[in-house]
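Just add 140 to wherever you are in the sequence shown, counting from 1, and you've got the working numbering.
The structure appears below as structure tokens.
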Amino acid sequence: MDIFSAIAVFIKREWKRLLIIPLLYTPVYILFMFLSYMQGMAYMEPIYGKPNEWFPRGVQNVIEITIIYYVLIFHIMLPYLRTKKVRRFFVQLTGFLLLVFAYEYFYNFVLISPTVRAGTPLSTFLVWHIGVDILILCISAAAAPLIEWSAKSKRQEILEKQKLDAELAAIKYQINPHFLFNSLSFIYSRTITLDEEVAHAVLLLSDIMRYALNRDEDVQGKVDLLREVTHMKNVIEINQLRYDHSLHINYQENLTHTHTRIPPLVLITLVENAFKHGDLSDPENPLVIQMETDATRLRFYSCNKKKKGNKELSNGIGLSNIRQRLELVYGIKHSFEIKEDDKYYMTNLVINL
């Protein structure tokens, strides 16, 4: 991808954020110009240059301010509010402000020298631009919490709507759970003496259905991590029974921190995707599943050989829905990557707890 394509992709993704800043700043800039003009040209020229420079410098100033506010708010202030990493915040903030000030000095004194042209001393330039930078910093610090609060409210509203839609769909299509579990219990009791493996499959199916119908979600729509992992293992095991233990699966887990909650059915959807579209019959290329947690993060990784020929039809919440749910719940505190080539399909999910 060349630089112009990268810029086009960036603008397409971030245009709403980039547009709101100049829309808010341009009227303020015009107001400041008008107030300076009312003070007279002797006051105005050291700041804005000569009249023929007002428009091009005004456009340039709006572009500069847009970039500065965008970086300060969306890449320094908001990440700090979400991660609370103080040291990283101060390093980024100090480095960026020094870079901005260096640019302002280089542009004004080396490239176009407006202070020399207008007879303005360096001290005036320093006081003016330091004051402007402090004002920009204060505005950014005030705007970031408002933007974060608005984003959280919007995410929560979408999550509640999705949860309500899911509940309505469940009501529409649900089977009476008492009838279902009583029937499974009856089948289990009749098969336990005839075929232990079939009875075990019925028991697994009962646990899977019980979890699907009653996941014990909290107000945020999250479930206990251990229950989600147990559900995932049950699905893996019942698929092994289904294929007469012919599936080659390398499952590894290292769960040192289990007291956490995550959105339901995320992990199992990734596993089911591997079952549907992967070739698990090759002992040299098994389905690899790695699950690990510690006090700071959760990581899930899967890699499977791609199935050739016709694939099973996909259903369920799907990978695109997973991306949306993770973005709504965790924002920048997670990463979800999918990589594939002609032979392999890999997923890597990291959630910062």
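Even glycine gets a Cβ: it sits at the ideal position worked out from N, Cα and C.
**Message:** Spatial neighbours of residue 201 within its chain, please: C-beta separation below 7 angstroms, excluding the five flanking residues on both sides.
**Reply:** Only 169 meet the Cβ criterion.
**Prompt:** Could you give the residue range of the alpha helix (DSSP H) that holds residue 393?
**Reply:** Following the DSSP letters along the chain, one finds residue 393 in no alpha helix (DSSP H) but inside the beta strand (DSSP E) bounded by residues 389-395.
**Asked** Do residue 348 and residue 379 come within 7 angstroms of each other at the CB atom, strictly closer than that value?
**Response** Pairing residue 379 with residue 348 gives a Cβ-Cβ distance that is not under 7 angstroms.
**Message:** Taking the straight line between their C-alpha atoms, what separation do you get for residue 159 and residue 166?
**Reply:** Residue 159 and residue 166: Cα-Cα distance of roughly 11 angstroms.
**Message:** Could you check whether the region 420-439 touches the region 457-471, counting it as contact only if at least three pairs of C-beta atoms, one from each stretch, sit closer than 8 angstroms?
**Reply:** No, because fewer than three Cβ pairs between the region 420-439 and the region 457-471 fall closer than 8 angstroms, the two stretches do not touch.
**Request:** Taking residue 387 and residue 420 to be in contact with their CB atoms under 8 angstroms, please state how far apart those CB atoms are, rounded to whole angstroms.
**Result:** The C-beta distance from residue 387 to residue 420 rounds to 4 angstroms, short enough to meet the 8 angstroms contact threshold.
**Request:** In angstroms with no decimal places, state the Cα-to-Cα distance between residue 154 and residue 338.
**Result:** For residue 154 and residue 338, the distance between alpha carbons rounds to 54 angstroms.
**Request:** Assign residue 354 to one of three DSSP states: helix, strand, or coil.
**Result:** Residue 354 falls in the coil class under three-state DSSP.
**Message:** Suppose you measure from the CA of residue 346 to the CA of residue 329; what does that come to, to the nearest Å?
**Reply:** Distance between the alpha carbons of residue 346 and residue 329: 13 angstroms.
**Request:** Alpha carbon to alpha carbon, how far is residue 400 from residue 445? Give it in angstroms, no decimals.
**Result:** Their Cα atoms are separated by approximately 31 angstroms.
**Distance, residue 488 Cα to residue 408 Cα** = When rounded, the distance between both Cα atoms is 14 angstroms.
**Prompt:** Just the Cα atoms here: how many angstroms apart are residue 440 and residue 246?
**Reply:** Approximately 48 angstroms, taken between the alpha carbons.
**Asked** Between the region 211-231 and the region 189-199, do at least 3 Cβ pairs fall closer than 8 angstroms?
**Response** Counting Cβ pairs under 8 angstroms, fewer than three are found: no touch.
**residue 257 versus residue 190 - alpha carbon distance** = No answer about residue 257 holds up, because its pLDDT of 46 lies below 50 and its placement is not dependable.
**Item:** Cβ-based burial, residue 293 [other Cβ within 10 Å; buried from 16]
**Value:** Around the C-beta of residue 293, fewer than 16 other C-beta atoms lie within 10 Å, and the residue is accordingly described as exposed.
**Asked** Is it true that the CB of residue 235 sits closer than 7 angstroms to the CB of residue 303?
**Response** In this structure, residue 235 does not lie closer than 7 angstroms to residue 303 by Cβ.
**Request:** Let me know the alpha helix (DSSP H) ranges lying completely inside the region 335-383, each 4 residues or longer, listed in chain order.
**Result:** Qualifying alpha helix (DSSP H) stretches, in chain order: 336-353 and 365-382.
**Request:** On the DSSP bridge assignment, give the partners of residue 228 in chain order.
**Result:** Answer is none; residue 228 lacks a bridge partner.
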